[in-house]
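Asks: As numbered in our numbering, the sequence shown has no gaps in its residue numbers, which increase by one up to the final residue, 628.
Dumping the structure here so I can ask a few things about it.
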Amino acid sequence: MDEVRSFGGQHFYPRKFLHPRRRSGRLDARFNLLRLGALTIGDVRYGAEVTLGYEHPDAYQVGVPVAGRLEARQGGRPIVGEGCRAPLFRVGEEVVIGRWGADCRQLGVKINRVALEQQLTSLLDAPVETPILFAAGLDIAAGLGRSWAAMIRLVAAEFGNDTGLLREPLIVRQLQDSLTMGLLLAIDHPRREALTRRTAAYRPQPVRRAVDAIQASPESPFTLAELAAAAGVGVRALQAGFQRYLGCTPMAYLRHVRLARVHDELRAADPRRTTVTEIAYRWGFAHLGRFAAAYRSRYGASPRETLQQW
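Below is the structure:
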């Protein structure tokens, strides 16, 4: 039992508890794991009926059912994994799997939080609220859900192949992008509608003019009134346009672009010749504490850590 708890906690979530539901306490647990960039894919079975819990998951996790059934709760939501219903667990909310059946076997997909949230931010070209409030499960019987689950099964078929294509970094990067984008398109969440339409084509001219002004000179000390003037509309009309077509305020979009420019410059800069403070000021961040917090929230590391990776 201790071995199983330790192994599962190391590669997926730290186990708050793991108990057999029968008195014998005997397990026939089997794990087969593959790391794919920001994803960990595991073929998981306990070989006995168990109950287990995770306190504060720090990554998103989806299960593609192979056999059997699991029943869980997270944040008051019932979650079931069996057949064509793939369970999905969010970040930060306690999970209790009340019953993992003796014959239950799942392809568990753990996705790094920062990687998935950055993927959504990049696809929308706008800041997003985090954590992503996914639905409790994914229908894998048809449509995008079925295609996404098929991709997971294809990857899982490569377990143990030490000479296959999944040992090639270029293939791994492409697959990571395909799997994270595919999940964001397949499962319900508050920003899915924006992903399933060509967002740029829906932006009216005032929004486009404001976006162009920000992209051309994000370091400029724009005020909301100045952006509205550049767009040729009033402040309230511009705010409404940004909320409708980009899902954020004009000033939040400006911070999003500035953070991206800082990130690019930090990755390219020589730490012997520049500092985080110089780069932050250059891109319009006057309050370094708030800047550092926003940067870590988006990129999962401090600005200094990014600079030191040079």
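From the three backbone atoms N, C-alpha and C, an ideal C-beta is built for every residue, glycine too.
Because the structure is a prediction, the values reported are computed rather than measured.
Do R403 and G455 have their CB atoms nearer than 8 Å?
Replies: yes
Asks: Could you check whether the stretch 572-579 touches the stretch 547-561, counting it as contact only if at least three pairs of C-beta atoms, one from each stretch, sit closer than 8 Å?
Replies: No, the stretch 572-579 is not in contact with the stretch 547-561.
Asks: Taking the alpha-carbon of G355 as reference, which of R485, A619, Q424, A546 has the nearest alpha-carbon?
Replies: R485
Asks: Which residue wins for smallest C-alpha separation from V580, given the options A612, G559, P568?
Replies: A612
Asks: Contact check, E389 vs R417 under 8 Å by CB: the rounded distance?
Replies: 5 Å
Asks: Go ahead and label I458 buried or exposed: buried means 16 or more other beta carbons lie within 10 angstroms of its beta carbon, across all protein chains shown.
Replies: buried
Asks: Look at P383 and L451 and say whether their C-beta atoms are less than 8 Å apart.
Replies: Contact: no.
Asks: Nearest to G643 by CA position, among W466, L345, P449, is which residue?
Replies: Since the first and last residues shown for the chain are 319 and 628, residue 643 lies out of range.
Asks: Buried or exposed: where does E435 fall if 16 or more other Cβ atoms within 10 Å of its Cβ makes it buried?
Replies: With a threshold of 16 other beta carbon atoms within 10 Å, E435 meets it and is buried.
Asks: If you drop the 5 nearest sequence neighbours on each side, which residues of the same chain put their C-beta closer than 7 Å to that of Q494?
Replies: Taken in chain order, the residues that qualify are L354, G355, A356, L357.
Asks: Measure the alpha-carbon distance for N479 versus E511 and round it to whole angstroms.
Replies: 38 Å
Asks: Tell me which same chain residues have a C-beta within less than 6 Å of the C-beta of A519, skipping the five on either side of it?
Replies: Unreliable placement is indicated for A519, whose pLDDT of 47 sits below 50; the coordinate value is still reported in the next sentence. Excluding residues within five positions, none has a Cβ falling inside 6 Å.
Asks: Taking Cβ to Cβ, would you say V432 is nearer than 8 Å to Q379?
Replies: no
Asks: Assuming Y372 contacts E321 under a Cβ cut-off of 8 Å, what Cβ separation, rounded to an integer in Å, is found between them?
Replies: Not confirmed; about 18 Å, so no contact.
Asks: Suppose you measure from the CA of L370 to the CA of R622; what does that come to, to the nearest Å?
Replies: R622 has its alpha-carbon roughly 38 Å from the corresponding atom of L370.
Asks: For P539 and W601, which I take to be in contact (beta-carbon distance under 8 Å), what is that distance rounded to the nearest angstrom?
Replies: Actually they do not touch by this definition, with Cβ atoms about 11 Å apart.
Asks: What number of angstroms, rounded off, separates the C-alpha of E367 from the C-alpha of A385?
Replies: 13 Å
Asks: Between L625 and L584, how many whole angstroms is the CB-CB distance? I'm expecting something under 8 Å.
Replies: 5 Å
Asks: For V398, which of helix, strand or coil comes out of DSSP?
Replies: strand
Asks: Can you have a look at A546 and say buried or exposed, based on whether 16 or more other CB atoms are within 10 angstroms of its CB?
Replies: buried
Asks: Hey, out of L352, F603, S496, whose CA is closest to L438's CA?
Replies: S496
Asks: Please name the residue in G559, V594, S615 whose C-alpha comes closest to that of L606.
Replies: V594
Asks: State yes or no: is the C-beta of R363 within less than 8 Å of the C-beta of R348?
Replies: yes
Asks: Beta carbon of R333, beta carbon of R344: below 8 Å?
Replies: Contact: no.
Asks: Leaving out the 5 sequence neighbours to the left and right, which residues in its chain are closer than 8 Å to P524 when beta-carbon positions are compared?
Replies: A549, G550, V551, A555, L556, G559
Asks: Work out the CA separation of T592 and A598 for me, nearest whole Å.
Replies: Straight-line Cα distance between these residues: approximately 11 Å.
Asks: Report back the beta-carbon spacing between Q424 and R408 to the nearest angstrom; my notes put them in contact at under 8 Å.
Replies: Between R408 and Q424 the Cβ distance is about 17 Å, and since that is not below 8 Å, they are no contact.
Asks: Less than 8 Å between the C-beta atoms of I505 and A444, yes or no?
Replies: no
Asks: What do you reckon, are the CB atoms on I415 and A377 nearer than 8 Å?
Replies: no
Asks: For the beta strand (DSSP E) that contains Y378, what are its first and last residues?
Replies: 377-385
Asks: What's the gap between the Cα of G410 and the Cα of D582?
Replies: 29 Å
Asks: What's the call for I489, buried or exposed, on a 16-neighbour Cβ count within 10 Å?
Replies: exposed
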